[in-house]
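Number of protein chains: 2
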Amino acid sequence: MSLFCRNQALKNLWELHQSGLAVKEGLERQYIMDAIDAGRMVLLGNPKHPGLIPALIGQPARVKINANIGTSPWLCSLPGELAKLEAALQAGADTVMDLSIAGDLDAIRQAMLKRCSLPLGTVPLYAVAQRYISAGKDPAAFSAEELWEEIHKQAEQGVDFMTVHCGLTRKAAGWAQDEDLRVMGIVSRGGSILARWMRRHNLENPFLTGYERIIGIAREYNVTLSLGDGLRPGAGLDAGDAAQWEEVIMLGHLARKGLAAGVQCMVEGPGHVPLAEVAGQISGIKKLTSQAPLYVLGPLVTDISPGYDHIAGAIGAANAVMAGADFLCYLTPAEHLTLPCLEDVKAGIMASRIAAQAGETALKRPQALAREAAMAEARKRLDWPGMSVAALDSAMVDERRKDFSQKEACAMCGEFCAVKMALN
Amino acid sequence: MSLFCRNQALKNLWELHQSGLAVKEGLERQYIMDAIDAGRMVLLGNPKHPGLIPALIGQPARVKINANIGTSPWLCSLPGELAKLEAALQAGADTVMDLSIAGDLDAIRQAMLKRCSLPLGTVPLYAVAQRYISAGKDPAAFSAEELWEEIHKQAEQGVDFMTVHCGLTRKAAGWAQDEDLRVMGIVSRGGSILARWMRRHNLENPFLTGYERIIGIAREYNVTLSLGDGLRPGAGLDAGDAAQWEEVIMLGHLARKGLAAGVQCMVEGPGHVPLAEVAGQISGIKKLTSQAPLYVLGPLVTDISPGYDHIAGAIGAANAVMAGADFLCYLTPAEHLTLPCLEDVKAGIMASRIAAQAGETALKRPQALAREAAMAEARKRLDWPGMSVAALDSAMVDERRKDFSQKEACAMCGEFCAVKMALN
Numbered sequence: 052m053s054l055f056c057r058n059q060a061l062k063n064l065w066e067l068h069q070s071g072l073a074v075k076e077g078l079e080r081q082y083i084m085d086a087i088d089a090g091r092m093v094l095l096g097n098p099k100h101p102g103l104i105p106a107l108i109g110q111p112a113r114v115k116i117n118a119n120i121g122t123s124p125w126l127c128s129l130p131g132e133l134a135k136l137e138a139a140l141q142a143g144a145d146t147v148m149d150l151s152i153a154g155d156l157d158a159i160r161q162a163m164l165k166r167c168s169l170p171l172g173t174v175p176l177y178a179v180a181q182r183y184i185s186a187g188k189d190p191a192a193f194s195a196e197e198l199w200e201e202i203h204k205q206a207e208q209g210v211d212f213m214t215v216h217c218g219l220t221r222k223a224a225g226w227a228q229d230e231d232l233r234v235m236g237i238v239s240r241g242g243s244i245l246a247r248w249m250r251r252h253n254l255e256n257p258f259l260t261g262y263e264r265i266i267g268i269a270r271e272y273n274v275t276l277s278l279g280d281g282l283r284p285g286a287g288l289d290a291g292d293a294a295q296w297e298e299v300i301m302l303g304h305l306a307r308k309g310l311a312a313g314v315q316c317m318v319e320g321p322g323h324v325p326l327a328e329v330a331g332q333i334s335g336i337k338k339l340t341s342q343a344p345l346y347v348l349g350p351l352v353t354d355i356s357p358g359y360d361h362i363a364g365a366i367g368a369a370n371a372v373m374a375g376a377d378f379l380c381y382l383t384p385a386e387h388l389t390l391p392c393l394e395d396v397k398a399g400i401m402a403s404r405i406a407a408q409a410g411e412t413a414l415k416r417p418q419a420l421a422r423e424a425a426m427a428e429a430r431k432r433l434d435w436p437g438m439s440v441a442a443l444d445s446a447m448v449d450e451r452r453k454d455f456s457q458k459e460a461c462a463m464c465g466e467f468c469a470v471k472m473a474l475n
Numbered sequence: 052m053s054l055f056c057r058n059q060a061l062k063n064l065w066e067l068h069q070s071g072l073a074v075k076e077g078l079e080r081q082y083i084m085d086a087i088d089a090g091r092m093v094l095l096g097n098p099k100h101p102g103l104i105p106a107l108i109g110q111p112a113r114v115k116i117n118a119n120i121g122t123s124p125w126l127c128s129l130p131g132e133l134a135k136l137e138a139a140l141q142a143g144a145d146t147v148m149d150l151s152i153a154g155d156l157d158a159i160r161q162a163m164l165k166r167c168s169l170p171l172g173t174v175p176l177y178a179v180a181q182r183y184i185s186a187g188k189d190p191a192a193f194s195a196e197e198l199w200e201e202i203h204k205q206a207e208q209g210v211d212f213m214t215v216h217c218g219l220t221r222k223a224a225g226w227a228q229d230e231d232l233r234v235m236g237i238v239s240r241g242g243s244i245l246a247r248w249m250r251r252h253n254l255e256n257p258f259l260t261g262y263e264r265i266i267g268i269a270r271e272y273n274v275t276l277s278l279g280d281g282l283r284p285g286a287g288l289d290a291g292d293a294a295q296w297e298e299v300i301m302l303g304h305l306a307r308k309g310l311a312a313g314v315q316c317m318v319e320g321p322g323h324v325p326l327a328e329v330a331g332q333i334s335g336i337k338k339l340t341s342q343a344p345l346y347v348l349g350p351l352v353t354d355i356s357p358g359y360d361h362i363a364g365a366i367g368a369a370n371a372v373m374a375g376a377d378f379l380c381y382l383t384p385a386e387h388l389t390l391p392c393l394e395d396v397k398a399g400i401m402a403s404r405i406a407a408q409a410g411e412t413a414l415k416r417p418q419a420l421a422r423e424a425a426m427a428e429a430r431k432r433l434d435w436p437g438m439s440v441a442a443l444d445s446a447m448v449d450e451r452r453k454d455f456s457q458k459e460a461c462a463m464c465g466e467f468c469a470v471k472m473a474l475n
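Below, the structure is given as structure tokens:
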């Protein structure tokens with residue numbers, strides 16, 4: 052029985068949007084349906100999210116970009132985060148995640164859902180843990196029942212995809228915290244809370260033992276599960292260690308199980324990976340997860356670039372796309388230092404879009420090649436409006452050209468313009 | 052007979068600096084000498100350049116970064132360019148090229164040589180062509196004799212390395228300008244002027260026919276020849292075409308010929324290269340040029356990122372370093388749009404340094420791995436001063452942390468800090 056028969060919400064969503072999606076992605080409808088059915092693509096969209104434009108994730112659909120926004124304990128402003136949401140939409144994000152961990156989380160989430168026509172994702176565990184942290188209690192004191200309530204509430208509010216760290220086991224968390232095996236320990240917030248919970252309660256990960264509960268809710272609302280990598284290494288030196296792969300293997304089992312139960316799943320990936328290991332990690336993860344859509348954070352190819360991690364992340368991301376990654380979570384210049392500001396949000400999205408375009412061009416995706424060709428043709432004609440249209444950021448081109456917009460060449464070469472010399 | 056015996060200026064330079072260079076690069080003196088002698092490394096340094104700190108180029112020596120600065124016809128200010136020189140030194144450039152094409156070029160060059168303790172490079176052809184352009188004449192009206200005079204004068208002034216487009220032939224230039232073979236034609240300023248000169252004079256490239264003259268001057272002053280790629284493609288769509296490879300083959304012959312005559316040579320490379328082709332191009336060029344140090348511009352892995360070409364260039368550069376590139380010419384956010392400003396110079400250098408570090412980490416260079424390890428260790432301890440020291444840009448880390456410098460965690464997570472949760 053097809054996934055569309057097991058997941059009515061998905062079926063309705065597909066029927067409403069299939070023509071538009073096929074045109075936008077340049078793919079046949081049947082091709083997309085088969086890929087969704089096989090779990091190689093996911094269609095993000097919760098019917099409870101008003102005004103939603105759904106997004107298709109999974110190559111050869113266009114690689115999508117996610118922007119993480121949200122409050123933090125020391126920088127907590129709803130208007131500030133809504134401004135970042137607007138900046139993310141303007142800069143060309145395809146999805147947004149609300150990672151708020153301070154303030155009235157329900158109010159923030161609902162305000163974002165109202166203003167965001169793109170799929171919105173969350174990490175429900177944050178809301179549960181935040182109730183304890185903000186009361187000065189241990190963040191791991193929550194009960195599993197609170198998790199299911201939070202997931203259900205957020206699904207009802209209209210959240211389109213949720214990170215759930217289901218693949219983390221006590222065994223692998225132990226390896227990740229073994230100083231003989233790993234330098235940096237656990238750096239995922241969700242992973243760290245769950246490792247703490249497992250120690251405190253002397254029980255296995257509740258997201259893993261209660262996976263059936265999550266599946267039940269996710270299917271009802273077509274919430275796509277983003278199976279989180281709570282044990283992703285936090286340093287290039289730790290990339291590809293036993294804890295990481297143990298979790299990947301489990302994520303593969305869970306993705307197949309979710310799909311069989313009528314739930315769309317994608318898989319989250321690293322993180323910090325030396326450049327020589329990016330292609331191997333991406334193809335390895337895709338293999339172990341039966342080609343489920345892969346959602347990567349970076350990967351960062353060096354750890355010594357704080358203030359510029361969007362650049363180190365773009366290097367990893369371009370290579371990851373070329374190796375099969377489907378969905379890029381941006382990194383901003385604020386990563387590892389502070390909460391991103393408005394300019395950081397834009398910088399992060401632009402870097403990710405460049406990485407996606409570079410990867411897709413390497414893969415000879417027809418739409419990516421057409422964008423490249425449009426720029427080359429415009430440059431050859433010294434057609435500045437044409438270059439502006441072909442550019443990822445047209446406003447930036449116009450802004451930097453403004454003092455010389457009447458000139459045929461650019462201010463780098465002036466009369467020395469090589470193209471002009473060749474034209475005459 | 053060893054290169055050191057044929058090039059007295061190089062021998063003197065090496066004897067003066069060998070101990071410092073060996074320590075700085077973490078390589079044995081004999082290893083470096085053998086590599087220079089075989090043409091796999093070059094030691095940049097003209098004895099006429101006062102106060103010079105020479106630079107060794109060629110992996111496994113650390114990958115070096117060049118910053119291009121210099122006036123243009125519509126933005127011509129000596130103080131402005133000297134400020135950029137200062138910014139380049141501050142940001143960690145290893146060499147600087149003065150690409151000025153407007154104003155009093157001798158005065159600009161001499162001012163830069165005086166203030167720049169790093170090797171300074173030039174493109175002597177620009178000065179010759181500029182005399183004609185600024186007089187409203189055809190830039191290709193110069194005589195070959197003027198080239199030798201200019202090269203000699205600049206060597207006497209102390210220029211350490213010079214781009215000379217010796218490998219361009221009439222045949223290959225014809226291919227580059229054939230619209231059936233290439234979209235973008237010739238985009239190198241030097242290449243474009245020479246193609247025009249060859250058409251106008253109905254003669255072969257004077258840099259090629261007069262290569263012996265150049266060698267004579269270069270040997271006397273230990274000017275390293277940077278054999279320019281005047282036919283590098285100007286669009287990813289043109290990467291790896293016949294014109295490009297024809298020139299690379301010729302550059303290989305010329306590098307071997309120069310070395311045999313006692314002159315250090317490096318080779319310039321692309322340019323615009325789709326990500327999937329970067330490794331193949333780099334290894335191909337290194338092969339055809341007998342492993343001469345390879346000096347790459349980018350390569351840009353997408354053409355649609357004007358305003359952000361430092362990022363597209365960093366993606367290509369990191370992959371190029373991993374494949375064997377030795378020397379990175381920065382690209383700034385101004386590339387393809389206008390002359391870089393001060394902030395662009397810094398942004399370009401930082402992006403290149405990130406690319407170099409990513410590539411060297413991928414290659415497991417011990418010094419690069421040590422820098423990565425220092426950051427991971429500091430992060431694990433939440434040691435912010437340690438992270439600042441380990442970072443490529445310490446001032447940036449301090450600046451972004453300044454509102455929260457007394458806090459143990461960072462403002463992204465606050466009490467949600469995964470590392471802190473794991474520590475307690």
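Protein chains in written order, with my numbering: chain A, 52 to 475; chain B, 52 to 475. All residues carry an ideal CB built from backbone N, CA and C; glycine is no exception.
Nearest neighbour of residue i, chosen from the options [CA to CA]
{"i": "A/D395", "options": "A/D377, A/Y359, A/L420 and A/K415", "result": "A/Y359"}
{"i": "A/F378", "options": "A/K115, A/E271 and A/P284", "result": "A/K115"}
{"i": "B/Q457", "options": "B/L433, B/A195 and B/D88", "result": "B/L433"}
{"i": "A/C392", "options": "A/I83, A/T122, A/R452 and A/N97", "result": "A/T122"}
{"i": "B/C468", "options": "A/A469, A/L388, A/A86 and A/Y346", "result": "A/L388"}
{"i": "A/V299", "options": "A/K338, A/N273 and A/G309", "result": "A/K338"}
{"i": "A/G172", "options": "A/A158, A/T146, A/V314 and A/D189", "result": "A/T146"}
{"i": "B/A195", "options": "B/R283, B/D231, B/P257 and B/L169", "result": "B/P257"}
Nonlocal neighbours in the same chain, by C-beta distance under 8 Å from residue i, ignoring five residues either side
{"i": "A/L326", "result": "V352, I366, G367 and N370"}
{"i": "A/S334", "result": "A374 and G375"}
Test item: CB-CB of residue i and residue j under 8 Å
{"i": "B/P321", "j": "B/P350", "result": "yes"}
{"i": "A/Q208", "j": "A/L156", "result": "no"}
{"i": "A/G291", "j": "A/E328", "result": "yes"}
{"i": "A/G109", "j": "A/L103", "result": "no"}
{"i": "B/A178", "j": "B/E201", "result": "yes"}
{"i": "A/S216", "j": "A/G187", "result": "The question names Ser, yet the displayed sequence has His at residue 216 of chain A. Cβ atoms of A/H216 and A/G187: not closer than 8 Å."}
{"i": "B/A180", "j": "B/I244", "result": "yes"}
Residue-level contact to chain B via CB, residue i, 8 Å cutoff
{"i": "A/V448", "result": "yes"}
{"i": "A/V347", "result": "no"}
{"i": "A/Q315", "result": "no"}
{"i": "A/Q228", "result": "yes"}
{"i": "A/R283", "result": "no"}
{"i": "A/L388", "result": "yes"}
Residue environment, residue i, which counts as buried when at least 16 other CB atoms sit within 10 Å
{"i": "B/Q141", "result": "exposed"}
{"i": "A/M52", "result": "exposed"}
{"i": "B/L176", "result": "buried"}
{"i": "A/D229", "result": "exposed"}
{"i": "B/T340", "result": "buried"}
{"i": "A/V93", "result": "buried"}
Within-8 Å CB hit, residue i to chain A
{"i": "B/K337", "result": "no"}
{"i": "B/V318", "result": "no"}
{"i": "B/S456", "result": "no"}
{"i": "B/P257", "result": "no"}
{"i": "B/Q332", "result": "no"}
Same chain, Cβ closer than 6 Å to residue i, neighbours up to 5 away in sequence not counted
{"i": "A/A441", "result": "A425, M426 and A429"}
{"i": "A/P98", "result": "A60"}
{"i": "B/M235", "result": "G285, A286 and D289"}
{"i": "A/R416", "result": "none"}
Partners in chain E for residue i, counting only beta-carbon separations shorter than 8 Å
{"i": "B/S239", "result": "Annotation note: the requested chain E is absent from the structure, which comprises protein chains A and B."}
Contact set for residue i: own chain, Cβ-Cβ below 7 Å, skip 5 residues either direction
{"i": "A/P105", "result": "L64, H68, L94, L95, G96 and P170"}
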